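**Student:** I have a structure I would like to understand better, so I am pasting it below and will then ask my questions one at a time.
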């Protein structure tokens with residue numbers, strides 16, 4: 005059904021489904037602002053007030069809810085089609101392109117094992133205090149019991165901390181029957197801190213903010229955040245540190261790992277200790293995430309089995325059009341309701357599984373054989389983060405028993421400027437470049453709709469954080485108009501031409517390119533180098549690069565596109581002399597939901613030559629932006645964070661340290677005769693949602 | 011002879027040392043290191059990269075890394091892989107090597123026999139249509155664009171006809187809860203292959219002095235018996251069905267490899283035969299009135315075998331190199347794929363380790379070929 | 281004075297004699313070559329592709345509009361859907377990015393030839409010098425060069441090119457040099473050395489040496505010319521391996537080139553049309569068949585030259 009929808013319709017569906025976008029909801033939906041007030045992390049006045057006051061969150065315990073024994077996935081017309089007991093054991097068969105690197109979660113999140121493939125395979129082993137709800141990305145409890153207490157300032161032994169308390173659900177067990185307690189969380193945090201684990205662990209347990217966690221009793225936790233940074237300046241653990249950071253940290257079993265960690269700590273210096281910990285092969289490691297390791301034949305397949313005693317097994321989750329979220333777990337005896345009254349239309353209704361005995365990930369060496377396997381029925385779902393290009397798409401669409409789902413991706417491909425060097429330091433110049441780039445032409449005509457043009461630094465699919473009101477430079481203009489507008493911009497900023505570009509009568513193409521373009525200071529515009537991925541690495545970006553090269557030369561900006569392999573581009577960006585050598589480059593980013601990446605990419609402190617270092621390769625430095633970005637990090641309210649994110653997007657779309665080019669739709673393929681998903685539209689695609697392993701139904 | 015072998019061994023040790031040096035500096039001459047790839051996530055704190063560098067030891071000066079590399083290689087320690095951190099390179103190679111060996115040794119042997127057989131025929135019947143078609147066909151396949159050819163084979167025989175599985179080396183459903191892992195099976199298969207080839211070699215050695223017809227009967231008979239015994243042993247072992255599953259998956263890649271490589275052996279055999287045919291003893295044999303077939307197989311082919319066998323030894327060594335394409339097309343995760351993946355992900359220790367291993371393999375093959383040559387050809391005396 | 285000029289005039293007259301001999305043997309060899317048939321087939325195919333390569337710039341400057349037919353940034357505005365099937369204006373259709381396949385094919389033919397020839401010339405220059413030097417001097421020089429050759433032969437060819445292309449910017453030029461160096465110092469060098477060994481023991485070398493000819497002079501004037509037929513043969517094989525390597529590396533997406541046959545297949549593959557053999561044959565066959573045909577034609581040419589050069593292979 006979904007495959008018949010046009011792209012625009014899919015965007016709407018995703019927008020509708022997005023966690024915090026209330027805009028598309030029907031008339032009965034409350035106005036968005038009201039709903040946001042009830043977001044649990046809401047606090048007033050952060051900086052000066054000692055005790056943070058919260059708006060009470062309404063959490064009604066619903067006493068009687070009609071229990072549906074077997075639920076049919078939402079929006080199917082079949083009358084309560086209870087999945088009949090399958091003939092053999094139910095197996096969820098998926099395809100991968102690479103082996104996972106390790107089964108060790110420490111390694112997965114702290115080392116080179118952090119590949120997407122590892123995530124797909126072992127992501128279902130662990131659980132955290134809080135998590136995202138299915139499809140909508142609501143921030144909801146996982147093993148936490150209710151919401152955390154609001155952040156408060158507290159002085160312990162003369163040191164001031166921000167603290168919060170969290171309860172853990174009673175009766176949650178590891179797969180070996182041991183109870184999951186506050187000590188497990190404390191153990192995980194302290195191990196990360198003591199070994200100073202890097203990579204994802206460092207962004208989950210941020211070393212500059214997280215001080216420690218304490219177990220008040222078996223099921224109650226207290227977390228201490230540092231209230232000052234290393235230099236003694238006051239700081240607040242914002243959303244990205246606590247709610248979207250530490251709260252999402254996977255909790256690992258102390259009773260299994262404590263002896264291992266102790267053994268590892270005997271090995272030499274800290275790096276050797278880390279190596280020893282990462283090298284541990286976790287045979288028999290108990291899990292709490294509903295899935296457990298069973299068999300791995302490297303290069304061929306990986307198998308997990310479902311844990312029947314998974315605490316969340318059988319939980320009914322309902323998401324309502326009015327934004328309400330409801331989770332009912334009869335076995336454990338809890339009901340959770342957030343974000344409003346669970347009444348009115350349901351947009352999602354599902355029962356948490358896993359609804360299979362085991363899942364098998366088969367590994368394929370290339371897309372062709374994986375697609376063949378899918379068409380032949382060897383696998384029912386394919387993890388394909390590489391994207392599915394037109395030819396594959398044609399092929400799977402021709403196959404009757406395959407269904408194709410298209411979702412928006414949470415990422416961007418962009419053209420970056422080295423804003424330290426003239427003429428790229430000139431805003432009018434950057435705007436002129438943005439004006440002549442016809443994104444719609446390349447994405448629609450040349451790339452045949454395999455890409456979607458983008459204008460803001462937050463993808464449209466991330467509807468809650470996306471600001472639609474940003475400048476869309478050049479949108480809808482013809483070639484002649486673009487050239488005229490760009491020339492106007494350049495001349496307005498003091499650039500001069502010996503000969504302006506000449507456009508054909510119908511305005512469709514440039515007859516003679518501009519010549520002798522001089523900068524405001526009178527010197528000639530030097531030949532600029534545009535580095536971009538080669539056609540071998542990414543045909544989409546190299547196509548863009550070649551067209552941009554042509555358009556800039558038409559405008560009279562001498563440009564040479566240099567198409568390189570990915571490693572070589574990265575190498576150039578990380579080179580010591582990036583500030584002098586770089587002119588323009590084309591690359592891409594994949595994003596998180598919470599847009600704190602804006603700070604990481606564009607804050608001037610993240611320019612490589614500055615102390616903090618980072619990925620602001622273009623050396624973008626704008627004090628106004630820096631203020632906003634820093635504010636975003638310490639922002640503790642969703643609404644405040646959104647306001648800042650909106651302003652940052654608007655500023656970036658006008659000042660253009662990057663010209664955002666396009667994003668690609670994420671396409672997933674599955675066999676509806678074998679598997680059934682309660683929902684298929686989800687930001688970033690079904691692969692990013694780990695193939696919906698916990699909710700899929702096997703027929 | 012002994013002095014010659016000692017000299018060759020010394021030379022090879024020296025060559026290996028130079029090879030190690032070249033490989034190390036070549037691979038390390040590349041700009042950047044793996045830590046960059048892990049610094050690419052904008053949400054990660056910048057310290058992460060420094061920590062990665064420390065973890066991998068890539069912040070040490072180059073000469074120090076080089077000395078460590080030499081020392082470690084000599085002691086058999088190929089280091090720790092970056093991309094599969096913290097698995098050791100030796101461990102990774104141990105996992106991937108048997109798969110590559112089983113597939114490519116089989117394919118090389120099959121294509122050797124096919125090439126040698128055809129080569130004999132076309133050298134004997136010069137100018138016939140057999141020569142032209144097999145030369146043309148052979149050369150076309152020999153120079154065919156391998157990735158495309160491999161995919162065509164998959165499309166035709168696995169997808170359209172459905173005779174063989176699509177890629178991979180085993181069927182996960184068959185292997186679910188298997189009593190043994192794939193590598194043990196691969197090792198057992200290798201052992202079987204070695205035993206079988208020793209038997210075949212022995213049979214040929216023993217029967218070579220007998221009359222042609224008699225020899226043929228003895229050869230076929232004893233080989234059939236030993237194959238039956240081997241099959242029987244596998245069937246009764248309880249893991250036979252696993253080996254059978256692997257064999258099913260091997261047919262298509264082996265057919266592809268054979269088709270694209272037999273022409274090399276075929277043309278070499280032909281040329282070698284043409285040179286031998288002119289020797290006087292061939293004339294003498296014919297003059298004696300021996301049947302054509304006997305002259306061809308006994309007198310010409312046997313003497314023409316020499317260069318073919320040496321080239322066969324080399325091609326064994328290069329199996330790993332040629333594996334890059336076929337392995338990736340057929341989803342066969344062996345040494346070739348490992349090398350490409352390690353290179354692309356800048357996993358220097360793994361790339362160097364794989365490379366050194368391939369080099370060692372080739373060097374030993376060289377040595378074996380030299381010794382074989384010296385042993386087989388009475389004209390070569392050093 | 282007379283003594284000094286002797287080698288020069290000697291060399292000149294020697295060359296004249298050689299040219300005469302060469303002309304005669306060329307005629308002889310040509311008829312031998314004609315007899316091999318497979319060589320003729322190879323030559324015909326090579327000529328065909330050479331014509332394609334030469335025709336491309338002419339077509340681009342006359343009938344083909346650059347905006348539509350440019351092999352890299354052209355776009356078939358006259359087609360509604362890409363890839364478009366063959367039509368009058370696009371005899372081999374268009375690729376998934378709307379570019380004319382025939383134009384790409386012809387444009388790439390030129391770079392394949394340049395790549396192959398450059399690699400071959402580099403190989404032969406290095407190989408002949410290595411072979412002649414090693415054979416002439418023997419001893420330590422021979423030892424060093426041959427051990428170097430061992431290492432070069434040891435280098436797994438495709439693998440090392442893959443490694444190198446990830447490490448540095450490898451385009452057509454770099455690839456040609458790399459292949460030339462690998463094969464010149466490696467296999468070709470060894471083969472030419474064994475040929476040179478039979479030359480350096482000839483009496484006229486000894487004569488040249490006793491008459492005071494310089495080392496370089498002897499190598500260049502007396503040894504190298506005798507290696508040329510064999511080197512020419514090995515040039516053909518180098519061309520094959522250069523074109524093949526380029527195709528494989530481009531197919532794997534490892535080369536920094538804007539257009540080539542391998543890249544055409546890569547585009548087809550990454551766009552997912554590689555297995556739609558029936559429906560999208562024009563995306564698959566022109567490029568892969570061209571690679572196969574040109575590779576095998578050079579190989580066939582090499583084989584038949586082998587028959588010409590090597591008397592023992594000749595038909596009796």
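Chains as they are written, first to last, in our numbering: chain A, 5 to 703; chain B, 11 to 392; chain C, 281 to 596.
Yeah, the Cβ is synthetic: ideal placement off N, Cα and C, and Gly gets one too.
Bear in mind that the values here come from a model prediction, so they are computed numbers and not experimental data.
Secondary structure at residue 277 of chain A, three-state DSSP: helix, strand or coil?
**Tutor:** In the first chain, residue 277 of chain A corresponds to position 273, counting from 1. Residue 277 of chain A: helix per DSSP, three-state reduction.
**Student:** With distances taken Cα to Cα, identify the nearest neighbour of residue 290 of chain A among A:300, A:567, A:314.
**Tutor:** The residue given as residue 290 of chain A occupies position 286 in the first chain. Selected option, being the one with the closest Cα: A:314.
**Student:** Confirm the yes/no value for this check: CB of residue 550 of chain C, any heavy atom of the ligand MN, distance under 8 Å.
**Tutor:** The model on display carries no ligand, and the ligand MN is accordingly not part of it.
**Student:** Which residues bound the alpha helix (DSSP H) around residue 546 of chain A?
**Tutor:** Residue 546 of chain A sits at position 542 when you count from the first residue of the first chain. Element bounds for residue 546 of chain A: 543–559.
**Student:** Name, please, each residue of chain C whose Cβ falls closer than 8 Å to the Cβ of residue 9 of chain B.
**Tutor:** This structure leaves residue 9 of chain B out entirely; chain B is present only between 11 and 392.
**Student:** Could you pull the DSSP bridge partners for residue 598 of chain A from this structure?
**Tutor:** Working through the first chain from its first residue, we reach residue 598 of chain A at position 594. Bridge partners of residue 598 of chain A: none, in fact.
**Student:** Use the C-beta contact count for residue 435 of chain A: other C-beta atoms within 10 angstroms, 16 or more gives buried, fewer gives exposed.
**Tutor:** On the first chain, residue 435 of chain A is found 431 positions in, with the first residue counted as 1. Flag for residue 435 of chain A reads buried.
**Student:** Hey, could you find the ends of the beta strand (DSSP E) residue 359 of chain C is sitting in?
**Tutor:** The residue labelled residue 359 of chain C in the question sits at position 79 within the third chain. Per DSSP, residue 359 of chain C belongs to no beta strand (DSSP E) and is neither H nor E.
**Student:** Is the CB of residue 450 of chain C under 9 Å away from at least one CB in chain B?
**Tutor:** Along the third chain, read from residue 1 onward, the residue named residue 450 of chain C stands at position 170. Closer than 9 Å: no.
**Student:** Please list the partners that residue 396 of chain A has in chain C, where partner means a Cβ-to-Cβ separation under 7 Å.
**Tutor:** By 1-based counting over the first chain, the position of residue 396 of chain A is 392. The contacting residues are 552.
**Student:** For a quick check, are the C-beta atoms of residue 332 of chain A and residue 538 of chain C less than 9 Å apart?
**Tutor:** Within the first chain, the letter at position 328 stands for residue 332 of chain A. Within the third chain, the letter at position 258 stands for residue 538 of chain C. Cβ atoms of residue 332 of chain A and residue 538 of chain C: not closer than 9 Å.
**Student:** Residues bridged to residue 562 of chain C by DSSP?
**Tutor:** Residue 562 of chain C sits at position 282 when you count from the first residue of the third chain. DSSP, once it has assigned bridges, lists no residue as partnering residue 562 of chain C.
**Student:** Distance cutoff 9 Å, beta carbons only. Does residue 191 of chain B sit that close to anything in chain A?
**Tutor:** The residue you call residue 191 of chain B lines up with position 181 of the second chain. Yes, residue 191 of chain B lies at the interface with chain A (some Cβ there is under 9 Å from its Cβ).
**Student:** Measure from the C-beta of residue 300 of chain C to each C-beta in chain B and report whether the shortest distance is under 9 Å.
**Tutor:** Residue mapping note: residue 300 of chain C aligns to position 20 of the third chain, counting from 1. For residue 300 of chain C, the answer is no, since every Cβ of chain B falls outside 9 Å of its Cβ.
**Student:** What distance in whole Å lies between the Cβ atoms of residue 349 of chain B and residue 129 of chain B, which are believed to be in contact at a cut-off of 8 Å?
**Tutor:** Here residue 129 of chain B refers to the residue found at position 119 of the second chain. Here residue 349 of chain B refers to the residue found at position 339 of the second chain. Rounded, the Cβ-Cβ distance is 31 Å, inconsistent with contact.
**Student:** Starting from the C-beta of residue 165 of chain A, find all residues in its chain whose C-beta is less than 8 Å away, skip the five residues before and the five after it, and write them out in chain order.
**Tutor:** Residue numbering aside, residue 165 of chain A sits at position 161 when the first chain is read from its first letter. These residues qualify, in order along the chain: 157, 158, 159, 215, 228, 229, 230, 231.
**Student:** Kindly list the residues whose CB is nearer than 7 Å to the CB of residue 64 of chain A, restricted to its own chain and excluding five residues on each side of it in sequence; keep chain order.
**Tutor:** Counting from one through the first chain, the residue named residue 64 of chain A turns up at place 60. Its pLDDT being 29, under 50, residue 64 of chain A is placed unreliably by the model, and the measurement read from it follows with that caveat. The residues are 341.
**Student:** Between which two residues does the beta strand (DSSP E) containing residue 159 of chain A stretch?
**Tutor:** For the purposes of this step, residue 159 of chain A is taken as residue 155 along the first chain, with counting starting at 1. Segment 156–160, the beta strand (DSSP E) holding residue 159 of chain A.
**Student:** First and last residue of the beta strand (DSSP E) that includes residue 340 of chain A?
**Tutor:** Counting from 1 along the first chain, the entry for residue 340 of chain A is found at position 336. Segment 338–342, the beta strand (DSSP E) holding residue 340 of chain A.
**Student:** Does DSSP put residue 359 of chain A in a helix, a strand or coil?
**Tutor:** By 1-based counting over the first chain, the position of residue 359 of chain A is 355. It is a strand residue.
**Student:** Can you confirm whether residue 108 of chain B, when its beta carbon is compared against all beta carbons of chain A, has any partner nearer than 9 Å?
**Tutor:** On the second chain, position 98 is the one that residue 108 of chain B refers to. So no, residue 108 of chain B is outside the interface.
**Student:** Can you tell which of B:36, B:225, B:317 has the C-alpha that lies nearest to the C-alpha of residue 308 of chain B?
**Tutor:** To locate residue 308 of chain B, count along the second chain from 1; it is residue 298. Measuring from the Cα of residue 308 of chain B, the nearest candidate turns out to be B:225.
**Student:** Can you tell me which of C:494, C:449, C:423, C:313 puts its alpha carbon nearest to the alpha carbon of residue 469 of chain C?
**Tutor:** On the third chain, residue 469 of chain C is found 189 positions in, with the first residue counted as 1. It is C:423 whose Cα lies nearest to the Cα of residue 469 of chain C.
**Student:** In the region 328–379 of chain B, which residue ranges form an unbroken alpha helix (DSSP H) of at least 4 residues, counting only runs that do not cross its ends?
**Tutor:** Within the region 328–379 of chain B, the complete alpha helix (DSSP H) runs of at least 4 residues are 329–339, 345–354.
**Student:** List, in chain order, every chain A residue whose beta-carbon is nearer than 9 Å to that of residue 505 of chain C.
**Tutor:** Counting from 1 along the third chain, the entry for residue 505 of chain C is found at position 225. Ordered by position in chain A, no residue passes the 9 Å Cβ test against residue 505 of chain C, which lies about 42 Å from the chain.
**Student:** Tell me, please, which residues DSSP counts as bridged to residue 134 of chain A.
**Tutor:** Here residue 134 of chain A refers to the residue found at position 130 of the first chain. DSSP lists A:145 as partners of residue 134 of chain A.
**Student:** Under 9 Å between the Cβ atoms of residue 547 of chain C and residue 366 of chain C?
**Tutor:** Here the question's residue 547 of chain C lines up with position 267 in the third chain. Here the question's residue 366 of chain C lines up with position 86 in the third chain. Against a cut-off of 9 Å, the Cβ pair of residue 366 of chain C and residue 547 of chain C comes out as no contact.
**Student:** How is the alpha helix (DSSP H) around residue 203 of chain A delimited, first residue to last?
**Tutor:** Reading the first chain from its first residue, position 199 is the one you call residue 203 of chain A. Element bounds for residue 203 of chain A: 203–208.
**Student:** Does residue 366 of chain A come out as helix, strand or coil in the three-state DSSP assignment?
**Tutor:** Here residue 366 of chain A refers to the residue found at position 362 of the first chain. Looking at residue 366 of chain A - three-state DSSP - the assignment turns out to be strand.
**Student:** Check distances from the C-beta atoms of the region 290–314 of chain A to those of chain B and list, in chain order, the residues that come in under 8 Å.
**Tutor:** So the list reads 299, 301, 302, 303, 304, 305, 307, given in the order they occur along the chain.
**Student:** Against residue 323 of chain C, what residues of chain B qualify as contacts under a CB-to-CB distance less than 9 Å, listed in chain order?
**Tutor:** Here residue 323 of chain C corresponds to residue number 43 of the third chain, with the count starting at 1. By Cβ distance, chain B contributes nothing, its closest Cβ being about 14 Å from residue 323 of chain C, past 9 Å.
**Student:** With 9 Å set as the bound, which would you pick, yes or no: does the beta-carbon of residue 29 of chain B sit closer than that to a beta-carbon of chain C?
**Tutor:** Numbered from 1 along the second chain, position 19 holds the residue referred to as residue 29 of chain B. Yes, its Cβ sits closer than 9 Å to a Cβ of chain C.
**Student:** My assumption, with CB atoms under 8 Å, is that residue 323 of chain B sits in contact with residue 382 of chain B. Please give the rounded CB distance.
**Tutor:** Reading the second chain from its first residue, position 313 is the one you call residue 323 of chain B. Reading the second chain from its first residue, position 372 is the one you call residue 382 of chain B. Indeed, because the Cβ distance is near 7 Å, the residues count as touching under 8 Å.
**Student:** Would you list the one or two residues that DSSP bridges to residue 419 of chain A?
**Tutor:** The sequence position of residue 419 of chain A within the first chain is 415, counting from 1. BP columns for residue 419 of chain A point to A:590, A:663.
**Student:** Contact criterion: CB-CB distance below 9 Å. Does residue 384 of chain C meet it with respect to chain A?
**Tutor:** By one-based count along the third chain, residue 384 of chain C stands at place 104. So, not an interface residue.
**Student:** Among A:499, A:680, A:511, which residue has its Cα nearest to the Cα of residue 520 of chain A?
**Tutor:** Translated into the one-based positions of the first chain, residue 520 of chain A becomes position 516. Residue A:499 is the option with its Cα nearest to residue 520 of chain A.
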